[in-house]
């Protein structure tokens, strides 16, 4: 199973998934599975959210709060859930607001070690 | 009931709460209730997370994803959950990682209109 299959697996298992991406902390995408069109340029948005994640990580480290493991941002049209899988990579799933966020979060947690094993 | 009481109410109702804050988008704190010492300078961390939230909001707006309504950042030692209550203000609760995040999220949602009514 390659990266793409793990990303696909997350999307297939959550109704309302839009896309799932494996991304470097530098904002460069490793692989993306697009499940549905959300009327939003999700890949570009995810690149910008990488900057948001880096800021959160720097803020947490500066205040001895430890490393960032998960993050989420919910907007009117989209929920993005992210999970850091290694110091250099993270996975993000973009969902419609009515999707099951708990299940998506669980699936990211399950997929993370499998993705790490292939990095 | 003033701001402080609403912030206290959120903390009291969730085991593992560290603090709850009402903050301006400019990073200036309106009021904070500290429930427990977490060994972390939570108020300073929350000020920095304001910058993270502003970045997320700008990214979402730039990509037509709508306004940010909620966000969360989980680290090894702390989970912060935020809810935008008006264009200029948001509430954040800081929790221990083992706290009930779902309940905290629900309580922020319930408290938000009450806080707005007093702004």
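Chains as they are written, first to last, in our numbering: chain E, 59 to 177; chain V, 59 to 177.
Glycine is no exception: its CB is placed at the ideal position from the N, C-alpha and C atoms.
Assumed close pair residue 139 of chain V, residue 159 of chain V - CB separation to whole angstroms, cut-off 8 Å: Right, the Cβ-Cβ distance comes to about 6 Å (below 8 Å), so this counts as a contact.
Chain E contact for residue 65 of chain V (CB, 8 Å cutoff): no
Burial state of residue 76 of chain E, where buried means 16 or more other Cβ atoms lie within 10 Å: With 16 or more other Cβ atoms within 10 Å, it is buried.
Residue burial classification, residue 152 of chain E (beta-carbon count within 10 angstroms, cutoff 16): buried
Partner residues on chain V for residue 122 of chain E, Cβ-Cβ distance less than 7 Å: 98
6 Å Cβ shell around residue 172 of chain E - same chain, five flanking residues per side excluded: 64
Residue 72 of chain E beta carbon less than 8 Å from that of residue 175 of chain E: Result no, Cβ atoms of residue 175 of chain E and residue 72 of chain E do not sit closer than 8 Å.
For residue 82 of chain E, three-class secondary structure by DSSP: Correct three-state label for residue 82 of chain E: strand.
Check: residue 102 of chain V C-beta below 7 Å from any heavy atom of the ligand SAH: This structure lacks the ligand SAH, and indeed carries no ligand of any kind.
Within 8 Å, strictly: CB atoms of residue 142 of chain V and residue 81 of chain V: no
Unbroken alpha helix (DSSP H) run spanning residue 166 of chain E, endpoints: Element bounds for residue 166 of chain E: 159 to 176.
Beta-carbon proximity list for residue 180 of chain E, same chain, < 6 Å, skipping 5 on both sides: Limits of chain E in this structure are 59 at one end and 177 at the other, which puts residue 180 of chain E out of reach.
Chain V residues whose Cβ lies nearer than 8 Å to that of residue 134 of chain E: 123, 124, 125, 127
Environment of residue 137 of chain E [buried if 16+ CB atoms lie within 10 Å]: buried
Where residue 105 of chain V falls: helix, strand or coil (DSSP): helix
Short-range partners of chain E found in the segment 152 to 171 of chain V, where Cβ spacing is below 7 Å: none
Any chain E beta carbon closer than 8 Å to residue 144 of chain V: no
Boundaries (first-last residue) of the alpha helix (DSSP H) holding residue 65 of chain V: 61 to 71
Per-residue contacts from residue 94 of chain V into chain E (C-beta, under 9 Å): Ordered by position in chain E, no residue passes the 9 Å Cβ test against residue 94 of chain V, which lies about 15 Å from the chain.
Selection from E:115, E:70, E:95 that minimises the alpha carbon distance to residue 147 of chain E: E:115
8 Å Cβ cutoff, residue 114 of chain V in contact with chain E: yes
For residue 94 of chain V, the residue or residues it bridges with in DSSP: According to DSSP, which records beta bridges pairwise, residue 94 of chain V is partnered with nothing at all.
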